[in-house]
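Protein sequence lines correspond, in order, to chains A and B.
In terms of our numbering, the first sequence opens at residue 134 and continues consecutively.
In terms of our numbering, the second sequence opens at residue 2 and continues consecutively.
Note that beta-carbon positions come from the ideal geometry of N, C-alpha and C, so glycine has one too.
So the structure is just underneath, and the comments pick up after that.
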Amino acid sequence: MKLKNGDKEYGAGSNQNWLERLSKSNDFVHEHTSLRDDEPFWISYYRTLVSSDILHKDVLPYLQEKLPLEELKSRIPVQEIIFTRDADEIIQNILNGSLAIQKHQYDDECLLINIANSKFRDVGMATMESSTLGPQVGFIEELDTNINLVRKRLPVPELLVKEMKVGELSKTRVAVLYMDGIADPENVNTVIQRIKDIQYDHIQDSSYIASMIEDNSNSLFPQSISTERADRVAAGLTEGKIIIASDGSPNLVILPVTLMESFIAMEDYSYSWIISNFFRLLRFAAMFISTMITPMYVAIMTYHYELIPARLLETLVGSRAAVPFAPFLEALFLELMIEMVKEAGIRLPLKIGQSLGVVGGIVIGQAVVEAGLTSNVLLILVGLGSLASYTSPVYKFSNTIRFIKFPVIFLAQWFGLLGVFLAFLITQIHLLRLTSLGRPYLSQYPIRNTSFQDLWVRLPFSMQKENPKTLRPQKKWKSTGTGKKTGPANDFYE
Amino acid sequence: MMNRSAFCLILILLLLLSGCSFLPTNIVNEIDMAQGVGYDLAEKKNIKGTIVFPIFKKDKTSTTEVRTAIGKSSKEIRSILNNETRYTLVSGQVRVALYGKKMAKKGINDFVDTLHRDPAIGSLVQMAIVDGDSNELFKMKKYKNENVSIHIQELLEQNMKMGLLPQTNLQSFLFQFFQIGQDPYLPLIKKEKDNIRITGMAIFKDDQYVTSISMEDLFIFKALVDINRTGLRQFILEKHDNVVLDTLGSKVKYKVKIVQGRPEFTINLKMKTRLHEFAPSEKQRQSFDKKKYQKQVEQELEKSAINIINQFKKHQVDPLGLGAKYKEHYRGFNEKQWNMYYPNVKVVVNADIEILQTGTVD
């Protein structure tokens with residue numbers, strides 16, 4: 134919801150009657166601490182926001198004596214105490230879990246003590262981007278904890294955090310993290326400017342911001358990476374990337390990114406470079422398998438029977454012999470069924486979901502083949518394709534892959550292999566035009582030296598010397614040493 | 002923001018068009034795919050065409066259907082046969098084309114033409130001449146369930162890869178046919194009792210079958226036309242020493258010399274071989290005398306090479322492409338003149354045989 138000019142702005146009080154406005158809510162408490170009405174103090178807070186433990190142990194005992202507010206400020210053992218007269222600030226702080234102390238009920242002066250009760254889950258395992266080796270920690274819904282996790286990995290003063298409040302109703306704290314001296318200031322300014330320009334009433338997740346500040350919001354491809362891994366964020370920062378974190382979201386957004394980064398898992402750095410390259414290229418190949426294999430089946434079975442090798446003919450045609458539908462309908466039916474099983478598996482309550490994933494997939498698939506509605510070859514291909522779509526370490530990207538195969542199936546039905554190629558061409562053109570934060574999304578072209586250090590493949594650490602050029606980092610070399618030569622300490626590693 | 006009506010139109014089009022396709026479809030289980038075609042001579046200048054296509058069933062072994070029709074052209078035969086098949090007959094899966102010997106004597110070009118004019122047919126189609134009737138070959142009961150066309154195709158291909166047959170297919174036939182100064186050759190197969198077997202090589206003059214080479218001469222023929230292919234041959238040398246050699250690799254070089262306006266050819270054949278079997282006539286304890294036998298094998302090979310070349314000269318055919326080599330070499334090439342020279346052209350063969358491996362015993 135956008136606010137029009139002249140509308141009352143939500144949340145901000147204009148005058149002294151902040152008390153009146155807040156008292157409308159039943160969980161708002163406005164109390165007097167002494168028996169006589171004209172004596173101090175008056176306290177007001179939201180019962181649901183403050184920690185009653187701190188309130189009773191650390192604050193209320195000091196309110197027995199009749200001290201001036203300034204004196205009180207130095208006595209109460211709470212870190213965040215503000216002394217103010219500004220009504221807006223008072224409302225804002227009370228809404229964030231502060232306790233307001235006034236000497237008399239209608240005093241302007243107010244002491245704000247932050248005794249917010251923040252309940253968040255503990256820092257735990259990264260569930261969406263789990264890995265077998267390497268750090269397991271994942272971000273949580275609290276911004277400060279998330280920044281803490283990043284700072285622990287990069288304890289340098291160059292790591293800067295710029296905080297903003299976004300959302301007219303939600304007043305979400307949004308932080309932009311970057312490395313001063315590495316990140317391109319132009320990129321930083323662009324991000325901050327774009328976040329400041331956001332006009333939307335609520336921000337529930339960092340993905341809201343990511344899609345609002347995207348260069349092309351009509352694209353199927355995510356122009357940023359949402360991650361819950363602190364190591365991925367820290368690694369991105371050192372390369373000159375910019376991170377957006379939002380309070381209440383366990384995902385941090387990395388900008389700008391390129392397409393190839395969707396195939397990079399943080400686990401790659403835990404293995405020998407040869408093995409990790411094998412897996413990286415496997416993921417890349419899996420994308421093609423996932424998007425192309427069903428359309429190829431449709432195209433070949435509908436138009437290009439000449440292409441089938443003689444030895445495969447019996448398997449392919451025999452399996453289709455009794456199927457009453459055209460390959461297109463057969464493929465579409467099966468693909469939609471698999472997607473439905475996947476979707477239901479995500480939406481269903483956890484306990485039911487587990488059994489459905491296995492049972493639904495296998496039982497329905499087997500039954501469909503036995504009933505003669507689809508060929509078992511297609512069932513294998515669709516299964517392979519959907520398996521392959523999950524190899525990408527970036528979840529948003531694997532959703533793109535899941536979706537993109539449907540238009541390709543349609544094109545395959547209309548034009549055969551020409552259609553499949555057309556789909557490839559259209560995607561390629563679109564990707565070439567796409568930018569992430571103004572930097573080319575397909576920046577593996579033209580192929581540069583840096584693309585081979587850590588993009589297409591990952592070289593040993595001693596050979597990863599340069600930061601990726603497309604980010605225009607201010608720091609060219611990864612190691613601060615003498616430039617081209619990495620310091621002697623690095624010889625130790627590889 | 003997209004115009005709402007345009008969006009609706011696209012959505013409706015998407016839904017409607019998903020059922021139809023812009024091109025004629027060939028859904029695999031709704032076509033009958035011819036895998037083998039055969040052409041034989043019939044009465045009154047007609048051609049008896051045979052088409053073999055498999056019928057696939059779910060969870061059952063496929064059967065092959067063999068249909069025959071008489072007509073004047075290949076496509077006429079196909080359209081006659083189309084009247085009796087369940088689905089449309091299509092030619093994109095043709096793997097083997099057979100021609101009866103009698104028909105081959107009259108020229109097969111009209112029936113090769115249709116193969117290379119059809120874009121659905123690849124150039125790797127195997128071709129062979131049947132000593133007898135191709136129709137009979139296809140109709141053999143033994144191969145009813147085994148898919149006779151694939152059987153013949155693989156029979157030929159494995160012999161080209163590991164056996165004595167030189168590499169041939171539609172592509173090589175067309176190349177040799179259109180090349181000036183060369184005549185094509187194709188494998189010759191025959192139905193013998195209940196089997197299909199390769200009996201030699203059919204040699205053409207243009208597109209007409211003229212003569213054939215027997216299996217014994219195929220070893221040297223393959224060495225002369227094909228490079229680096231394996232093959233096995235038994236040599237019975239002086240004193241009936243029996244040597245069996247297997248080619249590891251061979252290289253052949255044709256040298257053309259113009260002497261008094263006439264070409265002279267020197268064929269240098271280098272061959273690396275492996276001794277497979279050795280049965281000397283004198284049973285005595287001695288190791289294999291490599292040099293001696295190399296020499297003898299060389300002489301034997303040179304003799305048989307000259308033999309087949311003389312046979313070619315006699316029939317005025319040139320499967321080795323000597324004319325083409327002469328043409329490459331000599332700007333004033335004249336086909337008529339070359340045809341005059343050919344029966345008396347001088348050809349020298351130098352064989353250089355090296356026995357590299359003699360087995361684990363020696």
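- With a cutoff of 7 Å on beta-carbon distance, LEU166(B) and PRO188(B) are scored as near each other.
- Interface annotation, VAL450(A): in contact with chain B, CB-CB separation under 7 Å.
- Per DSSP, the beta bridge partners of VAL270(A) are MET258(A).
- DSSP, read as helix, strand or coil, puts GLU172(A) in coil.
- Distance between LEU245(A) and ILE227(A), taken at the CA atoms: about 8 Å.
- Residues of chain B whose Cβ lies closer than 9 Å to the Cβ of ARG453(A) are, in chain order, ILE28, VAL29, ASN30, PHE57 and LYS59.
- Shortest Cα-Cα distance from LEU517(A) to any of TYR179(A), GLY552(A), VAL527(A) and ARG535(A) involves ARG535(A).
- Look at ASN269(B) here: in three-state DSSP terms it is strand.
- For ASN247(A), there is no enclosing alpha helix (DSSP H); the enclosing beta strand (DSSP E) has its first and last residue at 243-247.
- For MET345(A), the closest Cβ of chain B is not nearer than 7 Å.
- About 27 Å separates the beta carbon of SER569(A) from that of PRO428(A), a gap too long to meet the 8 Å contact definition.
- Contact annotation for MET434(A) against chain B: ILE28 and VAL29 [CB-CB distance below 8 Å, chain order].
- Under the DSSP assignment, MET34(B) falls outside any alpha helix (DSSP H), being part of the beta strand (DSSP E) whose first and last residues are 32-34.
- The stretch 319-358 of chain B contains, as complete beta strand (DSSP E) runs of 3+ residues, the segments 347-358 (chain order).
- In the DSSP assignment, ILE52(B) falls outside any alpha helix (DSSP H) and within the unbroken beta strand (DSSP E) covering 48-56.
- DSSP places LYS236(A) outside both helix and strand once states are collapsed to three, so it counts as coil.
- Proximity of SER63(B) to chain A, defined by a Cβ-Cβ separation below 7 Å, is satisfied.
- Counting the other CB atoms within 10 Å of its CB gives GLU85(B) a total below 16, which places it among the exposed residues.
- One Cα belongs to ALA98(B), the other to ILE580(A), and the distance between them is close to 48 Å.
- Annotation: the continuous beta strand (DSSP E) that includes VAL244(B) extends over 243-260.
- A straight-line Cα-Cα distance of about 33 Å links GLY369(A) and PRO540(A).
- With a threshold of 7 Å between beta carbons, GLU468(A) makes no contact with chain B.
- Using a Cβ-Cβ distance cut-off of 8 Å, the stretch 372-380 of chain A and the stretch 320-332 of chain A are in contact, since at least three pairs of beta carbons, one from each stretch, lie closer than that value.
- With contacts defined by Cβ atoms closer than 7 Å, ALA432(A) and GLY549(A) form a contacting pair.
- When the five nearest sequence neighbours on each side are left out, the beta carbons in the same chain lying within less than 7 Å of the beta carbon of LEU152(A) are those of HIS163 and SER177, in order along the chain.
- For GLU372(A) and LEU481(A), the gap between their C-alpha atoms comes out near 39 Å.
- Residue range 196-206 is occupied by the beta strand (DSSP E) that includes ASN196(B).
- In the three-state reduction of the DSSP assignment, SER282(B) falls in the coil class, being assigned neither a helical nor a strand state.
- For the options LYS328(B), VAL95(B) and GLY50(B), the alpha carbon positioned closest to that of LYS256(B) is the one of LYS328(B).
- Straight across, the Cα-Cα distance linking LYS206(B) with LEU116(B) is about 20 Å.
- Shortest Cα-Cα distance from GLU291(A) to any of ILE471(A), TYR311(A), PHE411(A) and GLU361(A) involves TYR311(A).
- Chain order gives the chain A residues near VAL91(B) as TYR438, where near means a beta carbon separation below 8 Å.
- Between THR89(B) and THR69(B), the gap from beta carbon to beta carbon reaches 7 Å or more.
- Its chain contains VAL294, ALA308, LEU310 and ALA378 as the residues whose beta carbon lies nearer than 8 Å to that of ILE280(A), once the 5 sequence neighbours on both sides are disregarded; these appear in chain order.
- LEU182(A) sits in coil when the DSSP states are folded into three classes, being neither helix nor strand.
- The C-beta of TYR578(A) has fewer than 16 other C-beta atoms within 10 Å across all chains shown, which makes the residue exposed.
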